[in-house]
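Everything on this sheet refers to the single structure shown next.
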Amino acid sequence: MPNIIEEVEKATQIIKKSKHLIAFTGAGISVESGIPTFRGKGGLYEKVSSKVFDLDFFYTNTKECWYLLLKYILIPLQKAKPNKAHQVLAKFEEKGYIKAIITQNIDLLHEKAGSKKVYKFHGTSDLFKCRNCNKVFNFEKVISDELIQIFQDDILSENPDNFINQNIFKNFKVPTCPICDNILKPEIVFFKESIPEDVLNLSFYNAQISDCVIIIGTSGVVYPAALIPQIVKKSGGKIIEINPEPSEYTNYLSDIFIQQEASKGLEEIGKLILD
Ligand code: NAD
Numbered sequence: 016m017p018n019i020i021e022e023v024e025k026a027t028q029i030i031k032k033s034k035h036l037i038a039f040t041g042a043g044i045s046v047e048s049g050i051p052t053f054r055g056k057g058g059l060y061e062k063v064s065s066k067v068f069d070l071d072f073f074y075t076n077t078k079e080c081w082y083l084l085l086k087y088i089l090i091p092l093q094k095a096k097p098n099k100a101h102q103v104l105a106k107f108e109e110k111g112y113i114k115a116i117i118t119q120n121i122d123l124l125h126e127k128a129g130s131k132k133v134y135k136f137h138g139t140s141d142l143f144k145c146r147n148c149n150k151v152f153n154f155e156k157v158i159s160d161e162l163i164q165i166f167q168d169d170i171l172s173e174n175p176d177n178f179i180n181q182n183i184f185k186n187f188k189v190p191t192c193p194i195c196d197n198i199l200k201p202e203i204v205f206f207k208e209s210i211p212e213d214v215l216n217l218s219f220y221n222a223q224i225s226d227c228v229i230i231i232g233t234s235g236v237v238y239p240a241a242l243i244p245q246i247v248k249k250s251g252g253k254i255i256e257i258n259p260e261p262s263e264y265t266n267y268l269s270d271i272f273i274q275q276e277a278s279k280g281l282e283e284i285g286k287l288i289l290d
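Numbers in the numbering used here are just positions in the sequence shown, counted from 1, shifted up by 15.
Okay, structure coming up:
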């Protein structure tokens with residue numbers, strides 16, 4: 016197994032020389048902020064199946080889908096705080112090293128840490144679009160404090176055999192458009208939905224002109240996002256990967272694999288670059 020200290024030193028040399036460094040992040044970077052990944056042990060899909068992001072389920076079972084999204088995703092994500100890994104990336108951008116972050120995450124933790132150029136490949140958990148009038152509303156406009164409190168209490172009294180609390184579900188009213196009262200959909204990219212065109216184009220463009228990508232906390236199985244590091248490699252760029260477990264990239268794409276948690280790996284690199 017490669018020596019972690021040597022890998023960190025090699026990564027630092029590449030980063031210092033690079034002209035268009037980008038970061039590509041996934042659910043793993045937010046694990047240390049208390050947000051579980053979707054797959055794997057302790058993941059969200061142990062509680063709610065992946066159907067919560069299925070467009071057909073959203074339209075056929077709107078109330079159940081909204082209930083599960085609010086309880087397990089939208090409200091918990093609003094409360095989450097960035098960790099050391101998000102902070103180091105924001106510092107790298109501030110100091111001119113990182114030119115863009117392409118994230119698959121919907122949790123806004125890069126922005127909360129101070130990163131400016133963030134391409135949110137799979138959308139965001141704090142905006143909602145009306146399916147009728149197409150107006151977009153932010154979280155505060157759509158989700159009342161009272162509703163947040165109800166779901167927080169719901170989580171605390173959770174029954175592991177039934178993730179839907181019937182007492183709450185019965186009285187729960189799906190948030191609707193403040194203007195025309197129609198269905199609102201979170202601005203998250205659901206299965207069967209396309210990636211927003213501008214984000215897709217800008218992400219691919221940044222990957223094409225990049226001479227180095229740092230991949231952090233992604234399994235590399237969700238397409239087309241998973242193409243980003245492949246595009247960098249094809250254009251002759253270097254691939255640095257940080258993940259406690261090997262991913263789809265580790266053996267065939269990564270030049271440097273730092274087998275550590277996101278915060279530890281980035282902190283080590285940060286010490287050599289920023290201090
Ligand atoms: P994934 O669940 O497929 O893979 C997570 C990866 O993170 C794994 O490779 C795992 O080894 C790694 N990991 C676990 N703990 C880590 C840590 N402390 N530091 C670094 N890496 C760690 O996630 P994915 O590849 O991002 O794909 C799943 C999809 O679901 C994506 O669209 C993703 O954005 C979305 N998702 C988003 C959030 C969020 O917004 N925070 C959370 C869960 C899933």
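Glycine residues also receive a C-beta, built at the ideal position from the N, C-alpha and C atoms.
TODO: Below 8 Å on the Cβ atoms is my guess for Leu83 versus Val67; work out the distance and round it to an integer in Å.
DONE: Contact between Leu83 and Val67 holds: CB atoms are separated by about 5 Å, below the 8 Å threshold.
Open item on the list: If you reduce the DSSP assignment to three classes, tell me which class Pro91 lands in.
Closed with: Helix, per DSSP.
Open item on the list: I need the straight-line Cα distance from Leu70 to Leu215, nearest angstrom please.
Closed with: Their Cα atoms are separated by approximately 20 Å.
Open item on the list: Going by beta-carbon coordinates alone, are Val228 and His137 separated by less than 8 Å?
Closed with: Cβ distance not < 8 Å, so Val228 and His137 don't count as in contact.
- [ ] Output the distance between the C-alpha atoms of Ile254 and Thr139, rounded to the nearest integer angstrom.
- [x] Roughly 26 Å separates the two Cα atoms.
Open item on the list: Taking the straight line between their C-alpha atoms, what separation do you get for Ser262 and Thr233?
Closed with: Note on geometry: alpha-carbon atoms of Ser262 and Thr233 lie some 7 Å from one another.
- [ ] Compute every distance between the C-beta of Ala277 and the non-hydrogen atoms of the ligand NAD, then say whether any falls below 7 Å.
- [x] With a threshold of 7 Å, the Cβ atom of Ala277 counts as near the ligand NAD, since some heavy atom of the ligand is closer than that.
Open item on the list: For the structure I just gave you, are there three or more beta carbon pairs, one from the segment 264 to 279 and one from the segment 20 to 31, closer than 8 Å?
Closed with: Taking a cut-off of 8 Å on C-beta distances, the segment 264 to 279 touches the segment 20 to 31, as three or more cross pairs fall below it.
Task: Three-state secondary structure assigned by DSSP to Gly138 - done: When DSSP states are grouped into helix, strand and coil, Gly138 belongs to the strand group.
- [ ] Can you grab the Cα-Cα spacing for the pair Glu256 / Phe143, in whole Å?
- [x] A direct Cα-to-Cα measurement between Glu256 and Phe143 gives close to 33 Å.
TODO: With a threshold of 7 Å, establish whether the CB of Gly57 neighbours any heavy atom of the ligand NAD.
DONE: Flag unset: Cβ of Gly57 not near the ligand NAD.
Open item on the list: Please return the same chain residues whose Cβ sits closer than 7 Å to the Cβ of Val236, not counting the five positions on each side in sequence.
Closed with: In chain order, Glu263 place their CB closer than 7 Å to the CB of Val236, counting only its own chain and leaving out the 5 sequence neighbours on each side.
- [ ] Under 6 Å Cβ to Cβ from Asp226, same chain only, skipping five residues before and after it: list those, please.
- [x] Non-local C-beta neighbours of Asp226 in its own chain, meaning closer than 6 Å and more than five positions away in sequence, comprise Ser33, Lys34, His35 and Gly252, ordered along the chain.
Open item on the list: So, for Glu202: in the same chain, excluding its five sequence neighbours on each side, which residues have a beta-carbon less than 6 Å away from its beta-carbon?
Closed with: These residues qualify, in order along the chain: Gly138, Thr139, Leu142 and Lys144.
Task: Neighbourhood of Leu289 by C-beta distance below 7 Å, restricted to the same chain and skipping five residues each side - done: Exclusion of the five residues before and after Leu289 leaves Lys106 and Lys110 as the residues of its chain whose Cβ lies within less than 7 Å of its Cβ.
TODO: Measure the alpha-carbon distance for Gln28 versus Gly280 and round it to whole angstroms.
DONE: Their Cα atoms are separated by approximately 15 Å.
Task: Local Cβ density within 10 Å of Tyr74, reported as buried at 16 or more and exposed below that - done: Its Cβ having fewer than 16 others within 10 Å, Tyr74 is exposed.
Task: Of the listed residues Gly43, Lys31 and Ile37, nearest to Glu260 (C-alpha basis) - done: Of Gly43, Lys31 and Ile37, the smallest CA-CA separation from Glu260 is found for Gly43.
Task: Through-space distance from Tyr267 to Ile243, alpha-carbon basis - done: A direct Cα-Cα distance of roughly 14 Å separates Ile243 from Tyr267.
- [ ] Use the C-beta contact count for Ile230: other C-beta atoms within 10 angstroms, 16 or more gives buried, fewer gives exposed.
- [x] By the 10 Å Cβ count, Ile230 comes out buried.
- [ ] Whole angstroms is fine: what's the gap from Lys188's alpha carbon to Lys78's?
- [x] Taking the straight line from one Cα to the other gives about 8 Å.
TODO: Identify, in the order they occur along the chain, each residue of the same chain with its Cβ nearer than 8 Å to the Cβ of Gln102, setting aside the five sequence neighbours on each side.
DONE: Only Ala128 and Gly129 meet the Cβ criterion.
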